[in-house]
Amino acid sequence: MQKTETFTGIEGINTQDRATQEGMGPIVDRSKEHLGPADKPIIQARRLLQQAVKTVQDGGTPRGVGPSYYAVRAGEGVLPRDADWRKILTPDLSSAEILQTV
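Residue numbers (my numbering): 1 to 102.
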């Protein structure tokens, strides 16, 4: 079936993702949810979101929205096992060329 059509009947992966996200409805009852060790990132993300909401409600600014975060970039490379990645990647991540694209 998946060779010729989608299982969901919705055309395109982005549209399928959107339907899945929006199809859940605005409020999901998580009171009977049983999260395991593999769900730690989900737990942490929910805690961060709850903290951000409380911070905004209290009139503050949530983490991660300040101007210094706009220049945060990812880096990649294959390094020797004994290499210090900070010394190798930091100059690339803080170069003027990267910062000017912000």
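Positions of the beta carbon are idealized from the N, C-alpha and C atoms, including for glycine. Quantities reported herein were computed from a predicted structural model and do not represent experimental measurements.
Short Cβ contact (9 Å threshold) for residue i with residue j
| i | j | result |
| --- | --- | --- |
| PRO37 | GLN51 | no |
| GLN16 | THR8 | yes |
Residue i (DSSP reduced to helix, strand or coil)
| i | result |
| --- | --- |
| VAL65 | coil |
| THR101 | In this prediction, THR101 has a pLDDT of 45, which is less than 50 and means its spatial position is unreliable; nothing more can be read from the coordinates. |
| LEU89 | helix |
| THR8 | coil |
Enclosing alpha helix (DSSP H) for residue i [first to last residue]
| i | result |
| --- | --- |
| PRO41 | 40-57 |
| ASP17 | 13-23 |
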